[in-house]
Every structure is written in structure tokens, then in C-alpha cells.
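Asks: Read top to bottom, the protein sequences are chains A and B. As numbered in my numbering, the first sequence has no gaps in its residue numbers, which increase by one up to the final residue, 236. As numbered in my numbering, the second sequence has no gaps in its residue numbers, which increase by one up to the final residue, 236. Submitted below is the structure of interest, expressed as C-alpha cells.
There are 2 protein chains.
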Amino acid sequence: MEFARPIARLVDELMRLPGIGPKTAQRLAFHIVRMGPDQARRLAESIVEARERTRLCSVCFNFTDADPCRLCQPGSGRDRSVICVVEEPKDVTAMERTRAFKGLYHVLHGALSPMEGVGPEALKVQELIARLGSGEVREVVLATDPNVEGEATAMYLARLIKPLGVRVTRMAHGMPVGGDLEYLDEVTLARALEGRREI
Amino acid sequence: MEFARPIARLVDELMRLPGIGPKTAQRLAFHIVRMGPDQARRLAESIVEARERTRLCSVCFNFTDADPCRLCQPGSGRDRSVICVVEEPKDVTAMERTRAFKGLYHVLHGALSPMEGVGPEALKVQELIARLGSGEVREVVLATDPNVEGEATAMYLARLIKPLGVRVTRMAHGMPVGGDLEYLDEVTLARALEGRREI
Chain A
38 MEFARPIARL VDELMRLPGI GPKTAQRLAF HIVRMGPDQA RRLAESIVEA RERTRLCSVC
98 FNFTDADPCR LCQPGSGRDR SVICVVEEPK DVTAMERTRA FKGLYHVLHG ALSPMEGVGP
158 EALKVQELIA RLGSGEVREV VLATDPNVEG EATAMYLARL IKPLGVRVTR MAHGMPVGGD
218 LEYLDEVTLA RALEGRREI
Chain B
38 MEFARPIARL VDELMRLPGI GPKTAQRLAF HIVRMGPDQA RRLAESIVEA RERTRLCSVC
98 FNFTDADPCR LCQPGSGRDR SVICVVEEPK DVTAMERTRA FKGLYHVLHG ALSPMEGVGP
158 EALKVQELIA RLGSGEVREV VLATDPNVEG EATAMYLARL IKPLGVRVTR MAHGMPVGGD
218 LEYLDEVTLA RALEGRREI
């Protein structure tokens with residue numbers, strides 16, 4: 038019995054979060070216990086609210102509280118002729134941070150991985166193809182991660198989309214191979230977008 | 038506008054926690070959004086509960102949900118003749134993990150720091166002295182941090198307590214077990230030499 042019971046429970050819950058080990062969980066718990074009661078309540082509320090009010094946009098499948106999301110809504114001022122395809126919602130955040138892309142997004146929610154049994158049906162691939170049916174989209178930028186799974190996913194999508202008469206491009210390999218898109222700096226990401234090539 | 042509003046709010050709240058930067062806050066928020074609704078609610082509840090049900094033990098000033106805390110309660114089986122004085126509640130956790138100490142604790146909630154204007158009245162010093170009045174306590178082990186503030190606090194407490202006829206000891210300074218002699222600083226090595234023992 039190292040902690041008072043409410044602290045032990047909080048430490049347990051915090052340790053379920055990714056990258057939070059016992060030491061960090063304890064440090065956070067001891068901090069939370071000393072927070073103002075308002076701040077603790079705000080933190081707790083924001084967790085419940087984020088979990089309950091966040092859904093996937095029915096168009097691009099990014100996280101959103103409004104459907105369609107702010108980027109997909111007709112009045113958003115985005116270029117509706119270009120769709121950037123990414124693996125995860127965090128990748129949309131990373132791309133938006135560059136301010137270099139003005140089009141729409143499509144979040145696959147993963148990448149093809151035969152090793153882990155992730156096939157196209159586990160990703161939002163059908164939904165992407167459906168978006169190309171309107172004829173509004175002239176280009177699809179494949180911005181999956183520059184690793185084996187991401188490259189394979191890009192190749193697969195390119196083969197699928199090209200026959201539809203839509204231009205398919207891949208982010209340039211200014212991206213370090215083996216890296217993680219999320220952790221790239223804005224300049225590198227922007228350069229990669231600039232140098233994209235027909236595949 | 039990088040995130041959906043509820044996610045942005047959660048990221049903001051998470052970034053108020055110590056050691057949580059924007060990247061980590063985003064990673065945690067995206068994880069929370071994907072958690073089962075029950076797990077999210079449990080996490081939120083444990084935060085509010087920990088904040089509301091945790092108080093300071095009126096005897097040792099460690100965090101507790103019962104007063105006096107489990108260690109201070111008469112039936113705890115602890116040696117009531119020895120008090121280990123530490124700076125923070127997390128230090129009690131660290132000491133308890135050793136299973137080497139069977140006595141009671143006293144949490145100062147800080148260390149003397151003239152530089153930052155922390156004097157004895159800001160710490161639980163009076164409360165420690167009051168505990169020594171019963172005559173039950175035979176030894177006070179000073180386990181404040183081995184840095185300038187911790188040493189000064191130990192010296193201050195020793196001068197205050199010795200006249201009361203209570204034995205005052207300080208945790209030994211020396212080589213950390215599992216460490217590398219080569220990388221120890223001179224002061225630690227000199228102390229280790231000073232405190233050498235017959236084997």
C-alpha cells in the first residue's frame with residue numbers, strides 16, 4: 038500500500054495512457070491532487086467531453102465535433118479539387134501546421150500491413166474511391182508515412198485511382214525514409230509537398 | 038484551427054500538467070478520443086475523486102483519504118519511536134518502496150530556500166516539533182534531498198531538535214548502488230570515503 042486509495046486509482050488510470058509509466062503517472066497524480074479544484078474538474082470534464090463529442094467526419098474521416106468537419110464544409114474556402122490522403126488524424130494536424138496545403142483530406146485510419154493482417158477493407162479506402170466519383174477531384178496527394186507500410190499503401194492506392202482518370206501524386210522524398218510523418222518539421226513537410234511527383 | 042474544438046480544449050488542459058508538452062498532449066488527446074467511453078469516464082472520475090478525497094494527514098502531512106493516514110493510525114504496526122522527515126509525499130513513496138523503514142514519517146512540504154523566500158514557517162516544522170513533545174519519539178531520521186536546500190533544512194532541523202533530547206540522524210551520503218565510480222562527482226566520492234565502514 039504505497040498510496041492513499043484515490044491516488045492509487047488515479048495512478049492506475051493514468052498508466053493506461055500511452056507513454057505514461059509508473060514514475061510519470063505518480064508525478065502527474067501528485068500534481069493533480071494539488072491542483073485547484075476548478076482546474077481538476079476542468080481537466081476531467083475536457084476528457085469526458087472530448088471522448089463524447091468527438092466523432093469521425095463522414096466525408097474525410099478526421100476527428101470532428103461537427104459533421105461534416107470544418108475543412109469539408111462547403112464554405113471552408115478549401116480547394117475541393119485536391120485530396121491529401123493520410124494515415125491518421127495526427128497527420129492532418131501535421132500537414133495543416135505547414136500551411137502549405139489548401140485542399141481537403143482523407144484519413145485512412147491506418148496503412149496496409151499484410152504482416153498484421155490489415156487489408157484495404159480495414160481502411161477507409163472504399164470511402165476514398167467514392168469521393169472521387171463526383172468528378173470534382175482532379176488530384177489525390179498520397180501522404181502516407183514514408184515507411185514500408187505507407188509506401189505499400191501509396192502504391193496500392195495509386196493503382197486503384199489512376200484508372201479513374203484522377204492525377205495521383207506522392208509526397209516527395211524529402212521525407213527521411215523510415216521516419217514518422219507526425220514528427221517531421223514543417224519545412225521538410227512543406228518541401229515534400231512542393232516536390233510531389235506523378236506516379 | 039488545428040483540432041476539433043473538444044480536442045483542442047483537452048490538449049490545452051493536458052498541457053497544464055508538468056512535463057506534458059504540445060506533442061505529448063496531442064498524442065494523449067488522440068488516444069483519449071479513441072478510448073472506450075467507460076475508460077474515459079473512469080479516468081475523469083479518478084481525477085475528480087483524487088482531487089476531492091485526498092487531504093493531508095493531520096499527523097504526518099502525507100497525502101491520505103483517511104485521517105490519520107494508514108501509517109499514522111495506532112493499529113498500523115509501525116515503530117512509533119522513529120520519525121523519518123522528508124520533503125515531499127513522493128519521498129514517502131520512495132522510502133516505502135525500500136521496505137527498509139518501519140517507523141513513521143513527517144512530510145515538510147518543501148525545503149528551506151532563502152533564495153526563493155521559503156522559511157521554516159512555510160514548512161511543517163512547528164508540527165514536527167509538536168510531535169516530539171509526547172516523549173514517544175526517540176529518533177528523527179532526516180531524509181531531505183542531498184542538495185543545497187535539503188542539507189540546509191537538515192542542519193536547521195538538527196539544531197532545533199537536538200536540545201529536545203531526541204536522537205537526530207541523517208541518511209548516509211555515498212556511492213549510489215549500481216552506479217559507476219568513475220562518473221561520481223568529487224563531493225559524493227569524498228563523502229563516501231569519509232563514511233567508509235569496516236567489512
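We treat Cβ as the ideally placed atom computed from N, Cα and C, and that holds for glycine. On a predicted model such as this, the values are computed, not experimentally measured, just so you know.
Mind pulling the chain A residues with CB within less than 7 Å of Asp102 of chain B?
Replies: Against the second sequence, residue 102 of chain B aligns to sequence position 65. Within 7 Å Cβ-Cβ: Ala41, Arg42, Pro43.
Asks: Run through the segment 113–185 of chain A for me and flag every whole beta strand (DSSP E) of 3 or more residues, listed as ranges in chain order.
Replies: Qualifying beta strand (DSSP E) stretches, in chain order: 116–123, 140–144, 176–179.
Asks: Grouping DSSP H, G and I as helix and E and B as strand, with all else coil, what is Thr91 of chain B?
Replies: Mapped onto the second sequence, residue 91 of chain B falls at position 54. Note: Thr91 of chain B maps to coil in three-state DSSP.
Asks: How should Thr101 of chain A be labelled, buried or exposed, when 16 other C-beta atoms within 10 angstroms of its C-beta is the threshold for buried?
Replies: Within the first sequence, the letter at position 64 stands for residue 101 of chain A. Buried, because 16 or more other Cβ atoms sit within 10 Å of the Cβ of Thr101 of chain A.
Asks: Can you list, in chain order, the residues of its chain with a C-beta nearer than 6 Å to that of His143 of chain A? Leave out the 5 residues immediately preceding and following it.
Replies: For this step, residue 143 of chain A is matched to residue 106 along the first sequence. Closer than 6 Å at the Cβ level, and outside the excluded window around His143 of chain A, lie Cys97, Ile120, Val122, Leu165.
Asks: Looking at the C-beta of Cys106 of chain A, does it have a partner C-beta in chain B at a distance below 8 Å?
Replies: For the purposes of this step, residue 106 of chain A is identified with residue 69 of the first sequence, where counting begins at 1. Yes, because at least one Cβ of chain B sits closer than 8 Å to the Cβ of Cys106 of chain A.
Asks: Going straight from the alpha carbon of Glu89 of chain A to that of Gly187 of chain B, what length do you get?
Replies: Counting from one through the first sequence, the residue named residue 89 of chain A turns up at place 52. Counting from one through the second sequence, the residue named residue 187 of chain B turns up at place 150. Rounded to the nearest angstrom, the two C-alpha atoms are 46 Å apart.
Asks: Nearest-angstrom Cα distance between Ala191 of chain A and Val155 of chain A?
Replies: As a first step, residue 191 of chain A is located in the first sequence; it is residue number 154 there, counting from the start. As a first step, residue 155 of chain A is located in the first sequence; it is residue number 118 there, counting from the start. Taking the straight line joining both Cα atoms gives about 14 Å.
Asks: Just the chain A side, please: which residues come within less than 7 Å of Ala62 of chain B by C-beta, in chain order?
Replies: If you number the second sequence from 1, residue 62 of chain B lands on position 25. Chain A residues near Ala62 of chain B: none, gap ~11 Å exceeds 7 Å.
Asks: For Gln163 of chain A, return the contacting residues in chain B, with the cut-off set at a CB-CB distance below 7 Å.
Replies: Walking along the first sequence from the start, residue 163 of chain A turns up at place 126. Neighbours of Gln163 of chain A on chain B: none; closest Cβ ~21 Å, over 7 Å.
Asks: Thinking just about the alpha-carbon of each residue, which of B:Gly170, B:Ala41, B:Arg196 is nearest to the one in Gln63 of chain B?
Replies: Within the second sequence, numbered from 1, the residue matching residue 63 of chain B stands at position 26. The shortest Cα separation from Gln63 of chain B among B:Gly170, B:Ala41, B:Arg196 belongs to B:Ala41.
Asks: Do Ala77 of chain A and Leu218 of chain A have their C-beta atoms within less than 8 Å of each other?
Replies: Position 40 of the first sequence, counted from the first residue, corresponds to residue 77 of chain A. Position 181 of the first sequence, counted from the first residue, corresponds to residue 218 of chain A. Going by C-beta atoms, Ala77 of chain A is not nearer than 8 Å to Leu218 of chain A.
Asks: Hey, quick one: how far does the beta strand (DSSP E) through Arg207 of chain A stretch, first residue to last?
Replies: Taking the first sequence and counting its residues from 1, one reaches residue 207 of chain A at position 170. Counting along the chain, the beta strand (DSSP E) containing Arg207 of chain A begins and ends at 204–207.
Asks: Using a Cβ cut-off of 8 Å, which residues of the segment 74–95 of chain A contact any Cβ in chain B, in chain order?
Replies: Residues passing the 8 Å Cβ filter: Pro74, Gln76, Ala77, Arg78, Arg79, Leu80, Ala81, Glu82, Ser83, Ile84, Val85, Glu86, Ala87, Arg88, Glu89, Arg90, Thr91.
Asks: Can you tell me which of B:Ser95, B:Pro55, B:Val48 puts its alpha carbon nearest to the alpha carbon of Ile69 of chain B?
Replies: Counting from 1 along the second sequence, the entry for residue 69 of chain B is found at position 32. Nearest C-alpha to Ile69 of chain B: B:Val48.
Asks: To the nearest angstrom, how far is it from the Cα of Ser95 of chain A to the Cα of Pro213 of chain B?
Replies: Your numbering for residue 95 of chain A matches position 58 in the first sequence. Your numbering for residue 213 of chain B matches position 176 in the second sequence. Their backbone Cα atoms lie some 57 Å apart in a straight line.
Asks: Determine, using beta carbons only, whether Ile198 of chain B and Leu160 of chain B come nearer to each other than 8 Å.
Replies: Sequence index remark: in the second sequence, residue 198 of chain B carries index 161 (1-based). Sequence index remark: in the second sequence, residue 160 of chain B carries index 123 (1-based). No.
Asks: Just verifying my parser: in three-state terms, what is the DSSP assignment at Phe100 of chain A?
Replies: Here residue 100 of chain A refers to the residue found at position 63 when the first sequence is read from its first residue. Strand, per DSSP.
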